[in-house]
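Q: Letter by letter, the sequence shown follows residues 5 to 328 of our numbering.
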Amino acid sequence: MDSAIKIVVKWSGKEYEIDSLSSTDTVATLKETIRKRTGVLPERQKLLNLKHKGKIPENDVHLSALNIKPGFKIMMMGSLEEEIEAVSLPPEDLPDVVNDFDIPEEEEVDVCNREVYLSKITKRISDYKIVERNPPREGKKLLVLDIDYTLFDHRSPAETGFELMRPFLHEFLTEAYKEYDIVIWSATSMKWIEEKMKLLGVASNTAYKITFYMDYLAMITVHTSKYGTVNVKPLGVIWGKYPEFYSPKNTIMFDDIRRNFLMNPSNGLRIRPFRQAHMNRQTDRELLKLSKYLKMIAELEDFSTLEHRNWERYLSDNNQDGDS
Ligand SMILES: [Mg+2]
Numbered sequence: 005m006d007s008a009i010k011i012v013v014k015w016s017g018k019e020y021e022i023d024s025l026s027s028t029d030t031v032a033t034l035k036e037t038i039r040k041r042t043g044v045l046p047e048r049q050k051l052l053n054l055k056h057k058g059k060i061p062e063n064d065v066h067l068s069a070l071n072i073k074p075g076f077k078i079m080m081m082g083s084l085e086e087e088i089e090a091v092s093l094p095p096e097d098l099p100d101v102v103n104d105f106d107i108p109e110e111e112e113v114d115v116c117n118r119e120v121y122l123s124k125i126t127k128r129i130s131d132y133k134i135v136e137r138n139p140p141r142e143g144k145k146l147l148v149l150d151i152d153y154t155l156f157d158h159r160s161p162a163e164t165g166f167e168l169m170r171p172f173l174h175e176f177l178t179e180a181y182k183e184y185d186i187v188i189w190s191a192t193s194m195k196w197i198e199e200k201m202k203l204l205g206v207a208s209n210t211a212y213k214i215t216f217y218m219d220y221l222a223m224i225t226v227h228t229s230k231y232g233t234v235n236v237k238p239l240g241v242i243w244g245k246y247p248e249f250y251s252p253k254n255t256i257m258f259d260d261i262r263r264n265f266l267m268n269p270s271n272g273l274r275i276r277p278f279r280q281a282h283m284n285r286q287t288d289r290e291l292l293k294l295s296k297y298l299k300m301i302a303e304l305e306d307f308s309t310l311e312h313r314n315w316e317r318y319l320s321d322n323n324q325d326g327d328s
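Below is the structure:
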């Protein structure tokens, strides 16, 4: 029987209604229709929650086989070719070397003292709702993690989220959880964060627990002379909400983009971005090494004397001490 199928594709914060398809159409036709609406090429489309017998459906599968309910919302990840080609997306896509010097130190200090930003943070502290997944634990330090390119390569095409996961993610989180409460903070919407954490098996892992997720709504915009207005993740929002647990003394944040910790530069560690998962999966050991660093510094009362940008040196210096 040939019946009409109505679905909604959610991509990049927007919803696209599609009602031109019928049950005899195939997944390939669906992808082509999505391309017409969004511009994302079929091979770039990751339709996260579209499943056929528990797996990603092949292109020749008929839509009738997918048991799609009317109005079903498909979550899509995928980038436009222009976006992928473009190197004109500063500072997110600046090459590594430039990124490392993206914000001069003077500017960091200057920015984090400005009244107007502090008042924005105060507003987030009172308005932003944190939904705790697990309660904060007495005496633990705080680790705040970015998702995209930190834990997950969100741009390479893949069949499953697992293929795009940074190697040793679960081992890393398991180790970190012993001394740190873990917070995930991503510049996207809560729905996506939840979806990604499910996809990676982080939400369901029993060896560690995530304290809470934070999304783009907890971020603030600041003005820098070099990059104009940018969005940043001010840790002050967390410190203001949990003064009895977390402070600049016991918080560390990993992000592949330094500007995200513009408001709290001494608490940020810029992690090397994990990209091109298929090429780099075999060799990327970043999380293993960082796991050692976290363990080492967890013994300190106060993180404020640390220079996280020298974390590798700290690691090798202290390792040598231990060995000799
Ligand atoms: Mg990132």
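All C-beta atoms in this analysis are idealised placements derived from N, C-alpha and C, irrespective of residue type, glycine included. Treat the numbers as computed from the prediction; the structure is a model and nothing was measured.
1. Which residues in the same chain have their Cβ closer than 6 Å to the Cβ of glutamate 290, if we skip the five residues on either side of it in sequence?
2. Who are the Cβ neighbours of histidine 158 in its own chain at under 6 Å, not counting the five residues just before and after it?
3. For glutamate 179 versus serine 295, is the C-beta spacing smaller than 8 Å?
4. Whose C-beta lies closer than 7 Å to the C-beta of lysine 253 among residues of the same chain, with five residues either side of it excluded?
5. Give me the Cα-Cα distance between valine 12 and valine 135, rounded to the nearest whole angstrom.
6. Distance, Cα to Cα, glycine 232 vs isoleucine 261?
7. Just the Cα atoms here: how many angstroms apart are threonine 33 and proline 46?
8. Is any heavy atom of ligand 1 found at a distance shorter than 7 Å from the C-beta of tyrosine 153?
9. I'd like to check one pair, asparagine 138 with lysine 213: are the Cβ atoms closer than 8 Å?
10. Less than 8 Å between the beta carbons of aspartate 64 and threonine 30, yes or no?
11. Can you check whether the CB of phenylalanine 265 is closer than 8 Å to the CB of methionine 257?
12. Leaving out five residues before and five after glycine 1 in sequence, what residues of the same chain have Cβ atoms less than 6 Å from its Cβ?
13. Using the Cα positions of valine 226 and leucine 25, report the straight-line distance between them to the nearest angstrom.
14. If distances are taken between C-alpha atoms only, which option among Ser190, Ile301, Val44, Pro161 comes closest to leucine 255?
15. Is aspartate 150 near ligand 1, in the sense that its beta carbon is under 7 Å from a heavy atom of that ligand?
16. Thinking C-alpha only, which one of Leu239, Lys73, Asp6, Ile78 is nearest glutamate 19?
17. Assess, as a yes-or-no matter, whether the region 167-177 is touched by the region 53-67 under the definition of 3 or more beta carbon pairs within less than 8 Å.
18. Going by Cα to Cα distance, which pick from Asp219, Lys35, Thr28, Ala207 is closest to methionine 194?
19. Could you spell out where the beta strand (DSSP E) holding methionine 81 opens and where it closes?
20. Name the residue from Pro140, Thr154, Glu311 whose alpha carbon lies nearest to the alpha carbon of proline 269.
A: Let me lay it out:
1. Taking glutamate 290 as the centre and dropping the five residues before and after it, the same chain places the C-beta of Arg276 closer than 6 Å to its C-beta, in chain order.
2. Apart from sequence neighbours up to five positions away, the residues of its chain that approach histidine 158 with a beta-carbon distance below 6 Å are Asp152, ordered along the chain.
3. Glutamate 179 is a Cβ neighbour of serine 295, given a cutoff of 8 Å.
4. Once the five neighbours on either side are set aside, the close Cβ partners of lysine 253 are Asp306, Phe307, Ser308.
5. Roughly 27 Å between the two C-alpha positions.
6. Cα to Cα, the separation comes out at about 16 Å.
7. A direct Cα-to-Cα measurement between threonine 33 and proline 46 gives close to 10 Å.
8. Under cutoff, so the answer is yes.
9. Their beta carbons are under 8 Å apart, which means lysine 213 touches asparagine 138 by this criterion.
10. Against a cut-off of 8 Å, the Cβ pair of threonine 30 and aspartate 64 comes out as a contact.
11. Cβ distance < 8 Å, so methionine 257 and phenylalanine 265 count as in contact.
12. Residue numbering for the chain in the displayed model covers 5 to 328; residue 1 lies beyond these limits and cannot be assessed.
13. So the two alpha carbons sit approximately 44 Å from each other.
14. Looking at the sequence shown, residue 255 is not leucine but threonine. Closest in alpha carbon position to threonine 255, among Ser190, Ile301, Val44, Pro161, is Ile301.
15. True, at least one ligand heavy atom lies under 7 Å from that Cβ.
16. Closest option to glutamate 19, Cα to Cα, is Ile78.
17. At 8 Å Cβ cutoff, the stretches do not touch.
18. Here the closest residue by C-alpha is Asp219.
19. According to the DSSP assignment, methionine 81 belongs to the beta strand (DSSP E) that extends over 76-81.
20. Measuring from the Cα of proline 269, the nearest candidate turns out to be Glu311.
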